[in-house]
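In the working numbering, each residue carries its 1-based index in the sequence shown increased by 280. Backbone N, C-alpha and C fix where the C-beta goes; we use that ideal spot for every residue, glycine too. All of these numbers come straight from a predicted model, not from anything done at the bench. Worksheet: one structure, shown below.
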Amino acid sequence: DQSDSAISLLEDAIAFPNISKQTQAECKLELGDVYLFTGNVWDSDLLYAQVDKDFKHDAMGQEAKFRGARLDYFRGDFLWALGQLEVLKTATSQLIANDALALSLLISDNMGYDSSMDALMLYSRADLLSYRNKNDEALVVLDSLLKDFPGHSLTDDSWFKMAQIMDSKRN
């Protein structure tokens, strides 16, 4: 809960004159995450894109591309996120490839259920809230998804996400 301090420290580290490109990129990814936590998605997106561009054929670039695709998913731009994730499923880093595959399946399995994608939008909002450690708010959104879209293909994902949140709360 000290995001201002974290932002200041990471910005200072990025601006440090003798910092390596690798370390600078790592700091940019972390700063992008902090911006995402604080709701500043545009700066987050910009930082991820910079690292992706600077390390296009490297694991660091793939990590940045994944974080950017996940950000697009959080914002509800599912088709764009899906396109980025398709590229990442063949990533050299097995961890990134697995994460890309999992998110890609979540999106593709639940996009076609209804044309409005309202349920997927609610789920991605809850996912973002959970990512930002706003677990009580995420539970409310998931509960409304279950009530508003009974029998939707996201029902099992919603119950599982609720269980993960309750587990993280040690409940």
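For ALA361 versus LYS369, is the C-beta spacing smaller than 7 Å?
-> no
LEU309 versus LEU426 - alpha carbon distance = 34 Å
Proximity to ILE445 [Cα-Cα], best of VAL420, ASP292 and SER433 = VAL420
Less than 8 Å between the CB atoms is what I'm expecting for LEU422 and LYS441, so what's the real figure, rounded?
-> 6 Å
Run through DSSP, which three-state label would ALA344 get?
-> helix
Do ALA344 and VAL331 have their C-beta atoms within less than 7 Å of each other?
-> yes
Could you say which of ALA329, ASP334, HIS337 and TRP439 lies nearest to LEU351 if we only look at CA atoms?
-> If you compare the alpha carbons of ALA329, ASP334, HIS337 and TRP439 with that of LEU351, the shortest gap goes to ALA329.
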